[in-house]
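According to this note's numbering, the sequence shown holds residues 113 to 389 in order. Structure first, then comments.
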Amino acid sequence: MEIRHATNPTDVKTYTTERLRKDFLIENLFQTGKVTMVYTHYDRMIVGGAVPGNEPLEIEAGDALKTDYFLERREIGLLNVGGGDAVITADGESYELGKLDALYVGKGVRQLIVSSKDQANPARIYFCSSLAHATLPTRKVLISEANPLHLGSIETSNERTIYQYIHADGVQSCQLMLGVTRFKPGSVWNTMPAHLHDRRMEAYLYFDMKEETRVFHFMGEPSETRHLVVGNEQAIISPPWSIHSGAGTSSYTFCWAMAGENYTFKDMDVVPMADLK
């Protein structure tokens, strides 16, 4: 498990492109036959990817967490982002996930195993895990069951649907919120005006992108914006003090996950366009 420490926004103003990518971009989450994880000190979220090939893979605590098992003091949301169907087994109970189906697993589950239904077509499983203070039931949610919010327009190049899976009015958690945003063809902007939520961090996974396309992810304080060029199936750690906005060279999909002080999707401090620099 890779460990990434929190950064000071004043220091980030001096970062080179290389340093920005090193601290905030996760490039190689999906490796066949492996579970890959990054532990960020922003709200102690763990961002991970798993591609189970010929053998199932177990999501384990390892030495980094100093706990007996991964979900001893944590909860987790898992999303199938591509490939074939996934099978997630939580303490012997199995759940099958098609593409864009998700699973919430609560604190106290001792064994979490991911596998592919068809080994010749491995699933690509993305997950985010945050600290938990209570035990809540495991819940599967199909994309057809997620709460859809239709936003934007083709005129402003941001016509999109936000699918809410783990949130206050859906699958319950202690603090983790997770969903997916999908863009209509011809729309590329998410989202302007930009916003902050200083009470929680956010992680993004950009996916369903063609190899030759890119997303320009904008970050930083409103008065000191920076950008990262992001490819398919790469993730971003977004600090609470940073905007998180993007524009693609083509339409794309991303998974967003949040953890922190509060538990409301609407906690956003919108930044007027005139204040962005």
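Ideal Cβ positions, reconstructed from N, Cα and C, are used throughout, including at glycine. Please read these numbers as outputs of a predicted model, since none were measured by experiment.
According to the neighbour-count rule (16 or more other Cβ atoms, all chains shown, within 10 Å of its Cβ), is glycine 298 buried or exposed? Here residue 298 refers to the residue found at position 186 of the sequence shown. Exposed, since its Cβ has fewer than 16 Cβ neighbours within 10 Å.
Do the CB positions of glycine 165 and leucine 141 come within less than 8 Å of each other? Position 53 of the sequence shown holds residue 165. Position 29 of the sequence shown holds residue 141. In this structure, the beta-carbon distance from glycine 165 to leucine 141 does not fall below 8 Å.
Rounded straight-line distance, which links the Cα of asparagine 259 to that of isoleucine 158: One-based indexing of the sequence shown puts residue 158 at position 46. One-based indexing of the sequence shown puts residue 259 at position 147. Taking the straight line from one Cα to the other gives about 24 Å.
Around the Cβ of arginine 131, are there at least 16 other Cβ atoms within 10 angstroms (buried) or fewer (exposed)? Working through the sequence shown from its first residue, we reach residue 131 at position 19. With fewer than 16 neighbouring CB atoms inside 10 Å of its own CB, arginine 131 falls in the exposed class.
Excluding sequence positions up to five away, which residues of its chain have a Cβ less than 6 Å from the Cβ of glycine 145? For the purposes of this step, residue 145 is taken as the residue at position 33 of the sequence shown. Excluding residues within five positions, the ones whose Cβ falls inside 6 Å are Gly165.
Euclidean distance between Cα positions of leucine 183 and cysteine 240: Position 71 of the sequence shown, counted from the first residue, corresponds to residue 183. Position 128 of the sequence shown, counted from the first residue, corresponds to residue 240. If you draw a straight line from the Cα of leucine 183 to the Cα of cysteine 240, it comes to about 12 Å.
Got a sec? Which residues, its chain only, sit under 6 Å from aspartate 387 by beta carbon, not counting five neighbours each side? In the sequence shown, the residue the question calls residue 387 occupies position 275. Here the set comprises Pro334.
Applying the criterion that 16 or more other CB atoms from any shown protein chain within 10 Å of the CB defines a buried residue, is isoleucine 266 buried or exposed? As a first step, residue 266 must be located in the sequence shown, where it is residue number 154. Exposed: under 16 other Cβ atoms inside 10 Å.
Measure the CB-CB distance between threonine 365 and phenylalanine 295 and report whether it falls below 8 Å. Here residue 365 corresponds to residue number 253 of the sequence shown, with the count starting at 1. Here residue 295 corresponds to residue number 183 of the sequence shown, with the count starting at 1. Yes, the Cβ-Cβ distance between threonine 365 and phenylalanine 295 is below 8 Å.
Within 8 Å, strictly: CB atoms of arginine 185 and histidine 153: The count along the sequence shown starts at 1 and reaches residue 185 at position 73. The count along the sequence shown starts at 1 and reaches residue 153 at position 41. No, they are not a contact pair.
Whole angstroms are fine: how far does the CA of valine 342 sit from the CA of leucine 317? Here the question's residue 317 lines up with position 205 in the sequence shown. Here the question's residue 342 lines up with position 230 in the sequence shown. The C-alpha of leucine 317 lies about 10 Å from the C-alpha of valine 342.
Inter-stretch contact at 8 Å, needing at least 3 Cβ pairs: the segment 279-295 / the segment 212-223: Contact between the segment 279-295 and the segment 212-223 is present, because at least three Cβ pairs lie under 8 Å.
By the DSSP assignment, the alpha helix (DSSP H) with leucine 132 in it spans what residues? Here the question's residue 132 lines up with position 20 in the sequence shown. Going by DSSP, leucine 132 is part of the alpha helix (DSSP H) stretching over 129-136.
Where serine 354 sits in the DSSP three-state scheme: Indexing the sequence shown from 1 puts residue 354 at position 242. For serine 354, the secondary structure class from DSSP, reduced to helix, strand or coil, is coil.
Supposed contact pair glutamate 187 and serine 242 - C-beta distance, whole angstroms, cut 8 Å: In the sequence shown, the residue the question calls residue 242 occupies position 130. In the sequence shown, the residue the question calls residue 187 occupies position 75. Contact holds; Cβ gap of about 6 Å.
Between leucine 177 and tyrosine 151, what straight-line distance do the alpha-carbon atoms span, to the nearest angstrom? Within the sequence shown, numbered from 1, the residue matching residue 177 stands at position 65. Within the sequence shown, numbered from 1, the residue matching residue 151 stands at position 39. The alpha-carbon atoms of leucine 177 and tyrosine 151 are separated by roughly 9 Å.
Where threonine 393 sits in the DSSP three-state scheme: The chain is shown only over 113 to 389; residue 393 falls outside these bounds and no answer can be derived.
From Thr122, Leu263, Tyr181 and Val327, residue whose alpha carbon lies closest to that of alanine 202: Taking the first residue of the sequence shown as 1, we reach residue 202 at position 90. Measuring from the Cα of alanine 202, the nearest candidate turns out to be Tyr181.
Can you tell which of Asn270, Gly189 and Glu114 has the C-alpha that lies nearest to the C-alpha of tyrosine 216? By one-based count along the sequence shown, residue 216 stands at place 104. Taking only the C-alpha atoms, the option nearest tyrosine 216 is Gly189.
Hey, how far is the Cα of alanine 315 from the Cα of lysine 389? By one-based count along the sequence shown, residue 315 stands at place 203. By one-based count along the sequence shown, residue 389 stands at place 277. Take the alpha-carbon of alanine 315 and the one of lysine 389: they are about 23 Å apart.
By how many angstroms is the C-alpha of threonine 250 removed from the C-alpha of lysine 219? In the sequence shown, counting from the first residue as 1, residue 219 sits at position 107. In the sequence shown, counting from the first residue as 1, residue 250 sits at position 138. One C-alpha to the other measures close to 9 Å.
In this structure, what does DSSP give as the bridge partners for threonine 201? Locating residue 201 in the sequence shown gives position 89, counting from the first residue. Its beta-bridge partners are Ser206 and Ile225.
How is the alpha helix (DSSP H) around valine 124 delimited, first residue to last? Looking up residue 124 in the sequence shown gives position 12. From DSSP, the alpha helix (DSSP H) with valine 124 extends over 121-124.
Checking the sheet assignment: what are the DSSP bridge partners for arginine 185? By 1-based counting over the sequence shown, the position of residue 185 is 73. None; arginine 185 has no bridge partner.
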